[in-house]
Amino acid sequence: MAKAKKATIKFQKNHLKGAIEQRRKKQKATQIYKKRNPKKFGRGANAGGSGDAGEDGEGAEEGDAEEEEKQDSGDEKSKDMGVDEFFNNDLDSDEEPEESDNEDFAGIDTIVEEDDGSDMDVPTPKKQTAAQKKKQDAKEEAAKKIQLDALKEKDPEFYKYLQENDSGLLDFDGEMEDLESEEEEEDEDEDEEEGEEMDVDSDEEMEEEKPKKKKGKKAEIEEEEEMMDGIPLVTKDMVAAWQAALVEKHSLRALRRLLLAFRAGAHLHDAEDDRTYAYKINSPIVFNKLVVTCLKHVIPTLDHHLPIQTTSGGKPKPVNSGSKYATLQPLIKSFLQNTLFLLKELTDQEMIYFVIRESEKAIRYLVGFPKIAKDLLKHLLFLWSTATDRVRIISFLTIRTLCLQLGPTYLDLSLKGVYLTFVRYAKTTTMHTLPNLHLMQNCVAQLYGMDFDRSYQHGFVYVRQLAIHLRNAVLVKTKESFKAVYNWQYLHCLGLWAQVISTHALNTAGQPTALHALIYPLVQVSLGALRLIPTSTYYPLRFQIIRNLIQLIENTGTFIPLAPFLFEVLEGGEMKRPGRKGTLKPLEWDLGFKCSKDYKGSRVYQDGAGEQVYELMTEYYALFSTSISFPELAIPAIVQLKRFIKKSSLVKLTKQFAGLVEKLEQNSRFVEGERNKADFSPSDAS
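Heads up: the sequence shown begins at 1 in the UniProt record's numbering, then just goes up one per residue.
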């Protein structure tokens with residue numbers, strides 16, 4: 001026999017007295033209302049809760065008088081004992097409560113829901129006169145009736161649908177309370193970490209009991225339930241029946257039951273969770289079918305009841321308002337919470353991909369649950385930086401959808417999150433992580449193109465941080481300050497911002513965007529890092545920075561004088577002295593920002609550096625090959641390369657550079673020939 005939950009014990013201690021008082025007031029108001037409307041309810045209804053008097057039809061008024069006299073006489077002790085016995089007997093009983101007991105206990109359940117888990121004691125109401133009580137009770141009853149009538153007038157189709165298919169939803173009790181109590185239970189568990197066992201309380205036993213066919217009504221879903229430890233066991237037939245009800249009727253009753261089962265399935269392997277759920281699952285096949293059914297059919301059902309509405313401008317309206325949303329909010333929250341919990345528990349990459357892909361359809365419902373949305377964003381960023389390529393891509397696409405549908409606040413969080421996640425992942429670079437870094441760079445560049453103004457604000461802050469590190473290294477000139485600049489994170493950040501700015505500095509019409517203003521500070525920081533330690537040890541870092549800036553020139557048309565930094569390599573001592581022969585493998589220039597002592601001074605390092613200079617110089621001058629000023633730009637390169645060819649003993653490199661000189665001279669002659677045909681000069685106004 002299960003013990004009472006802490007929530008139940010707390011309710012009995014703090015709120016039961018007030019709940020009983022509220023229940024009596026409600027019963028009395030119902031009697032008064034029925035007495036004042038005898039034509040509407042008939043003579044038998046005047047009994048107001050006395051079932052025997054109502055059925056006999058005789059002595060109804062006498063029964064009313066006795067009931068009022070009994071309530072006014074102060075005989076509350078016997079009534080308290082009656083409710084206590086009912087409350088405790090429901091916990092201790094192994095039999096299922098009858099429907100009449102469910103309905104009788106619904107009043108207390110509703111009060112628990114309205115209390116919202118508060119720890120404050122319910123104050124005892126002040127003593128009122130009989131006339132005041134009657135007046136107040138009549139007002140409360142009338143207010144409740146007005147609320148239901150307003151819903152009926154405002155949306156009669158939805159009200160009729162609830163009456164025909166799910167009348168229990170109008171009272172906000174039943175299985176709905178179990179879904180609404182999820183967050184309250186979690187909060188209570190966090191606030192009171194005691195060594196007590198947490199088992200089923202009377203509310204959960206009442207709400208999470210197996211679905212039954214009601215007398216006089218055709219059950220919406222009929223299935224034979226198997227029991228396991230007194231709890232219904234989910235079967236394939238049950239899941240199939242729920243799925244059919246969702247697809248054919250968009251049933252809210254089936255939706256609630258499916259979500260209760262999904263809640264149990266999501267916490268199936270949670271070792272720290274000792275709560276008892278409405279259902280149990282003991283088959284991996286059933287678990288898989290349950291998850292697939294829930295992810296595929298819950299959102300279409302919610303979309304049916306909460307269709308997308310657009311503003312006059314064509315933008316979709318938020319879905320966090322309206323009477324329908326208030327009714328379905330506990331269901332939506334339960335689905336989102338359990339889907340996120342399941343996503344965190346999964347380890348299979350294919351299953352993670354499926355859950356993210358299907359849950360992307362539910363993003364518009366996150367607008368009413370900012371805590372869940374931020375938690376989801378955090379986990380998506382984690383998957384984006386650690387999972388397989390397929391999961392990385394779907395995680396990023398979901399982040400992008402989240403930004404589009406939830407507004408600027410989440411866009412700011414995402415812009416900051418993707419950058420910081422990229423920085424953390426870029427601590428080391430190997431042949432295995434480099435493709436992932438390139439993928440993440442492309443994703444960041446795409447996300448920063450969603451809002452140029454907001455992207456500029458973030459970009460300005462982060463480029464400024466890079467500049468501060470560089471300034472400290474220049475001023476302090478210690479080993480630690482140099483390490484703050486010469487590391488993989490700093491180098492990859494320079495490459496990231498070069499890609500972001502080169503991609504979005506100009507819009508589709510060729511006009512500058514807000515990000516265009518970051519070109520100058522980024523170039524200054526990049527060149528400053530390149531010149532910080534201008535030795536042959538850091539040639540790999542030099543070449544990577546130059547390659548980033550060449551990309552910036554290509555996409556923005558900005559002129560950046562990079563040729564002098566390439567000439568320095570050819571004129572350096574590493575290329576002049578004879579290289580040391582050896583059996584070293586060719587250096588991986590993309591996988592390092594400095595060379596090791598083994599490579600320094602070797603022929604392998606000389607050949608590699610010369611090939612990098614040849615490649616970068618070719619790419620750089622190719623960008624200006626059609627410029628009218630190309631002959632003047634090419635003169636320094638032609639002079640430097642001819643000098644190197646004359647002095648160098650590296651035969652392989654001299655042949656390559658001789659071919660480059662020939663191409664530069666050939667293109668210079670072509671541009672000069674076309675320039676001579678022009679009928680304008682540099683002095684003419686453009």
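Virtual Cβ for every residue (Gly too), placed ideally from N, Cα, C. The structure displayed is predicted, hence computed values, not measured ones.
Proximity of residue i and residue j at Cβ, strictly below 7 Å
| i | j | result |
| --- | --- | --- |
| Tyr353 | Val391 | yes |
| Ser681 | Pro631 | no |
| Thr293 | His250 | no |
| Leu475 | Ser526 | no |
| Val444 | Phe422 | yes |
| Leu376 | Gly417 | no |
| Asn338 | Phe262 | yes |
| Ile231 | Lys289 | no |
| Ala498 | Ala563 | no |
| Phe543 | Gln612 | yes |
| Tyr425 | Ser385 | yes |
| Leu366 | Ala373 | yes |
| Trp488 | Pro540 | no |
| Ser596 | Gly579 | no |
| Asp453 | Ala514 | yes |
| Lys324 | Leu336 | no |
| His458 | Leu522 | no |
| Leu496 | Gln441 | yes |
| Thr401 | Ile363 | yes |
| Leu259 | Ala278 | no |
| Val569 | Leu584 | no |
| Lys594 | Thr535 | no |
Residue environment, residue i, which counts as buried when at least 16 other CB atoms sit within 10 Å
| i | result |
| --- | --- |
| Ser334 | buried |
| Lys465 | Note that residue 465 is Gln in the sequence shown here, rather than Lys. Looking at its Cβ environment, which holds fewer than 16 other Cβ atoms inside 10 Å, Gln465 is exposed. |
| Glu571 | exposed |
| Ala245 | buried |
| Lys432 | It should be noted that the sequence gives His, not Lys, for residue 432. With fewer than 16 Cβ atoms within 10 Å of its Cβ, His432 is classed as exposed. |
| Ile299 | buried |
| Tyr621 | buried |
| Gln524 | exposed |
| Thr8 | buried |
| His304 | exposed |
| Gln243 | buried |
| Leu295 | buried |
| Leu16 | buried |
| Thr398 | buried |
| Leu420 | exposed |
| Pro370 | exposed |
| residue 688 | Since the first and last residues shown for the chain are 1 and 686, residue 688 lies out of range. |
| Ser683 | exposed |
| Val651 | exposed |
Own chain, CB closer than 6 Å to residue i, minus 5 neighbours either side, in chain order
| i | result |
| --- | --- |
| Leu653 | Gly610 |
| Ala266 | Asn338, Phe341 and Leu342 |
| Glu674 | none |
| Gln656 | Tyr614 |
| Lys212 | Note that Lys212 scores a pLDDT of 43, beneath 50, so its modelled location is shaky; the value from the coordinates is reported in the next line. Counting only Cβ-Cβ distances below 6 Å, and skipping sequence neighbours, we find nothing. |
| Asp679 | none |
Chain B within 7 Å of residue i, Cβ atoms only
| i | result |
| --- | --- |
| Leu496 | Judged by its chain identifiers, the structure shown contains no chain B, having just a single protein chain. |
Residues near residue i by beta carbon distance below 7 Å, same chain, minus five either side
| i | result |
| --- | --- |
| Lys317 | Gln309, Thr310 and Thr311 |
| Leu439 | Asp389 and Arg392 |
| Val485 | His469, Leu470, Ala473, Ala529 and Leu532 |
| Lys344 | His379 |
| Leu660 | Tyr614, Met617, Thr618 and Leu641 |
| Glu360 | Thr398 and Thr401 |
| Leu268 | Ile281 and Phe287 |
Cutoff 8 Å; reference residue i; Cβ partners in own chain excluding five residues on either side
| i | result |
| --- | --- |
| Asp451 | Pro408 and Leu411 |
| Leu623 | Ile550, Ile553 and Glu554 |
| Tyr462 | Tyr419, Cys493 and Trp497 |
Could you pull out every unbroken alpha helix (DSSP H) segment of at least 4 residues lying fully inside the stretch 287-351, listed in chain order? 323-345
Between the stretch 486-504 and the stretch 549-569, do three or more beta carbon pairs fall short of 8 Å? yes
Item to complete: With a floor of 3 residues, list each beta strand (DSSP E) that falls wholly inside the stretch 352-440, ordered by position along the chain.
Response: none
Alpha helix (DSSP H) runs wholly inside the stretch 597-625, at least 4 long, in chain order:
603-622
Original post:
Taking only runs of the alpha helix (DSSP H) that begin and end inside the stretch 651-677, which ones reach a length of at least 4 residues, in chain order?
Top reply: Whole alpha helix (DSSP H) segments, 4+ residues: 651-676.
ask   = Considering only residues of the stretch 451-480, which uninterrupted alpha helix (DSSP H) runs meet the minimum length of 4 residues and lie entirely inside it, listed in chain order?
value = Counting whole runs of 4 or more residues, the stretch 451-480 contains the alpha helix (DSSP H) stretches 452-476.
Which ranges does the beta strand (DSSP E) cover as unbroken runs of at least 3 residues, wholly within the stretch 625-650, from first to last along the chain?
If we require 3 residues or more, the stretch 625-650 turns out to have no beta strand (DSSP E) run fully inside it.
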